[in-house]
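*Asks:* Number 119 in this note's numbering belongs to position 45 of the sequence shown; there are no gaps in the numbering.
Take this structure, written in structure tokens, and hold onto it; I'll ask about it next.
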Amino acid sequence: MNAPPPLVAAARACHLALTTPSAETAHIPHQTVGDKRTLLFFDGGSRGNPGPGGAGTVIVHLGGATLTPRVVWMASVSYASK
Numbered sequence: 075m076n077a078p079p080p081l082v083a084a085a086r087a088c089h090l091a092l093t094t095p096s097a098e099t100a101h102i103p104h105q106t107v108g109d110k111r112t113l114l115f116f117d118g119g120s121r122g123n124p125g126p127g128g129a130g131t132v133i134v135h136l137g138g139a140t141l142t143p144r145v146v147w148m149a150s151v152s153y154a155s156k
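So, in structure tokens, the structure goes:
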């Protein structure tokens, strides 16, 4: 099953953010093989209240048999009021 190009690009961006050392990720403890963690990312917003808006989520599994992050869920929704 092939994912749509925007989801592939988003998954690559998440993977890059999770595997590139930075000041923002320095506080995350280093993992060892066998450690399992799950990261949840979510955000949303709207223009006005009520008004058009949207939200997105990403679930990433870290650790396990390998230390490679694995994006297991990505979704977004948008709403434009008429």
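Ideal placement from N, C-alpha and C gives every residue a C-beta, glycine not left out.
Identify whether A149 lies in helix, strand or coil by the three-state DSSP scheme.
*Replies:* If DSSP states are grouped into helix, strand and coil, A149 belongs with the strands.
*Asks:* Measure the CB-CB distance between A100 and V145 and report whether it falls below 7 angstroms.
*Replies:* No; because the gap between Cβ atoms is not below 7 angstroms, this pair is not in contact.
*Asks:* Report the rounded CA-to-CA distance for S120 versus V82, giving the unit in angstroms.
*Replies:* Distance between the alpha carbons of S120 and V82 is about 25 angstroms.
*Asks:* Grab the span of the alpha helix (DSSP H) containing R86 for me, first residue to last.
*Replies:* That run of the alpha helix (DSSP H) goes P79 to T93.
*Asks:* What span of residues does the beta strand (DSSP E) with A129 cover, start to end?
*Replies:* It spans G127 to G137 - the beta strand (DSSP E) in which A129 sits, taken as one unbroken run.
*Asks:* For the beta strand (DSSP E) containing R111, name the first residue and the last one.
*Replies:* Looking at the DSSP string, the run of the beta strand (DSSP E) that includes R111 is K110 to S120.
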